[in-house]
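The numbering used here numbers the first residue of the sequence shown as 323 and each following residue consecutively.
Quick reminder that beta carbons are idealized off the backbone N, C-alpha and C, glycines included.
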Amino acid sequence: MSVSERLWNATEERRARTELQSGENFPVASRLLPARHRAHLLNVYGYARLVDDIGDEAPPGERAGLLDLVERDLDRVYAGERPELPVLRDLAGTIVARRIPAEPFRRLVQANRQDQEVTRYATFDDLLGYCALSADPVGHIVLHVFGAATPDRLRLSDEVCTALQIIEHCQDVGEDHRNGRVYLPADDLRRFGCTEDDLTAPATPTRLRGVVALQARRARRMLDEGAALTGGLRGFARVAVAGYVAGGLAALDALERAAYDVLPGPPRPRKVRLLAEWSRTMGRRRAA
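1) Rounded to whole angstroms, what is the Cα-Cα separation between L372 and R503?
2) Could I get the ranges of all uninterrupted beta strand (DSSP E) runs contained in the region 409-454, with 3 residues as the minimum, in chain order?
3) Does DSSP classify C516 as helix, strand or coil?
4) Between which two residues does the alpha helix (DSSP H) holding D575 run?
5) Alpha carbons only, please: which of G553, R513 and R539 is nearest the one belonging to L478?
6) Tell me whether P524 is buried or exposed, calling it buried when 16 or more other Cβ atoms sit within 10 Å of its Cβ.
7) Pick from A568, C453 and Y505: whose alpha carbon is nearest that of D494?
8) Could you compute how far the alpha carbon of P426 sits from the alpha carbon of G587?
9) Sort V567, D509, T522 and D575 by Cα distance to A538 and report the nearest one.
10) At which residues does the alpha helix (DSSP H) containing Y400 begin and terminate?
11) Checking 8 Å against the spacing of the C-beta atoms, do G387 and L486 come in under that value?
12) Do you know offhand how far L545's Cα is from T522's?
13) Can you round the beta-carbon distance between R411 and H362 to whole angstroms, since I take them to be within the 8 Å contact cut?
Written out as structure tokens, the structure reads:
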């Protein structure tokens, strides 16, 4: 079996397990969605997971070629042809049924190409540019799945998705560094007196906790602004997006409870807090 075949099979197995697990992106809402929406979202996450697995787990010399394969299959989908990869065949049905444009799917590939070349970010603005490729497209796709993609909603969705990406970077500082990447802005690390040696400590040094706390505060501001999106949604779209927002708020609470000690492992949110945040987010009214 070739490397690429093993990669597709592993991704399919992981995708099948997603429905049985709480899910990283909307753990509260996932079980409340009807099967038709859940199936479309699983197809989207199967694609995103495939692209991420190529960028992170495939042999480095094969990653660019495998990402080329994905893009060629996207071309086939939008040309009305049958794609080769099982994940793309599943996704094709969702793309056609929900009329999702190609651009956000291509941006996810571009983000993983960037990961092969860029492993450090000088400023927070530089990191935001990366999040526009790696995170924001997922929100656009989700809104298209629910038929709710308007310019104002897409803008608020970008705030939510970028915030969630930054929160994940805060949680995974140690793992990211072991994989050769640092998503904490270099100018913030310098400002707090951190070196990369701090990223290998068994417990998070105080100065590094300050950097993580700064990113968390930035993420909270974006999440608070983007949460207004839920007030403009109805039905299952509101349920799903409230789940995203609640997951981010609960993760921020977990980081704070752990005093931003992230190197031993990602602090995990409490279910009670997750449910409380979801209920609160569901209760938001449309922004004036």
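Once the coordinates are examined:
1) Going by the C-alpha atoms only, they are around 19 Å apart.
2) Complete beta strand (DSSP E) runs here, min 3: none at all.
3) It is coil, neither helix nor strand.
4) Under the DSSP assignment, D575 falls in the alpha helix (DSSP H) whose first and last residues are G557 to R579.
5) Out of G553, R513 and R539, G553 has the C-alpha closest to the C-alpha of L478.
6) That one is exposed.
7) The candidate whose alpha carbon is nearest that of D494 is Y505.
8) Between the alpha carbons of P426 and G587 lies a distance of about 31 Å.
9) Comparing alpha carbon positions, the residue from V567, D509, T522 and D575 closest to A538 is D575.
10) Start and end: R385 to Y400.
11) Not in contact: G387 and L486 (Cβ atoms no closer than 8 Å).
12) Going by C-alpha positions, L545 is about 29 Å away from T522.
13) Wrong, their Cβ atoms sit about 14 Å apart, outside the cutoff.
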